[in-house]
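Step one of this worksheet: look at the structure below.
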Amino acid sequence: MPVFDEAAKRRIHYQTRRGLLELDILLGKFMEKEFQNLNDEELAVFVEILDLPDQQFLALVNQKEHTEDTRFLPLLEKIRRA
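According to our numbering, the sequence shown is numbered sequentially starting from -4.
Below, the structure is given as structure tokens:
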């Protein structure tokens, strides 16, 4: 499992700037409230989620689509709650 130092966390933070305003708003709140509390395992999953296309990512957050990857579920819930 990768270890995320401060430089890696800054790169992840930069990746949260998306092409959809809705995602920018959701991720902005999540980054303010939850990001610093994520452990390395959660950060690794978050990076995978960030690799999804914007439309798919938004559909998962809004529960319009479901994922088979159960590792995504706790993190998607944290994003929704933020």
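Quick reminder that beta carbons are idealized off the backbone N, C-alpha and C, glycines included.
Cutoff 8 Å; reference residue i; Cβ partners in own chain excluding five residues on either side
{"i": "VAL56", "result": "LEU18, LEU21, LEU71, ILE74, ARG75"}
Three-state class that DSSP yields for residue i in the structure shown
{"i": "ARG13", "result": "coil"}
{"i": "ASP19", "result": "helix"}
{"i": "LEU38", "result": "helix"}
{"i": "LEU45", "result": "helix"}
{"i": "LYS59", "result": "coil"}
{"i": "GLU29", "result": "coil"}
Beta-carbon proximity check, residue i vs residue j, cutoff 8 Å
{"i": "GLY85", "j": "ASP49", "result": "Since the first residue shown for the chain is -4 and the last is 77, residue 85 is missing from the structure and cannot be characterised."}
{"i": "PHE25", "j": "ILE44", "result": "no"}
{"i": "LEU53", "j": "PHE41", "result": "no"}
Extent of the continuous alpha helix (DSSP H) to which residue i belongs
{"i": "GLN50", "result": "49 to 56"}
{"i": "PRO69", "result": "67 to 76"}
{"i": "VAL(-2)", "result": "Counting along the chain, VAL(-2) falls outside any alpha helix (DSSP H), and DSSP gives it neither H nor E."}
Beta-carbon contacts of residue i that lie in its chain and below 6 Å, excluding the five residues immediately before and after
{"i": "GLU29", "result": "LYS73, ALA77"}
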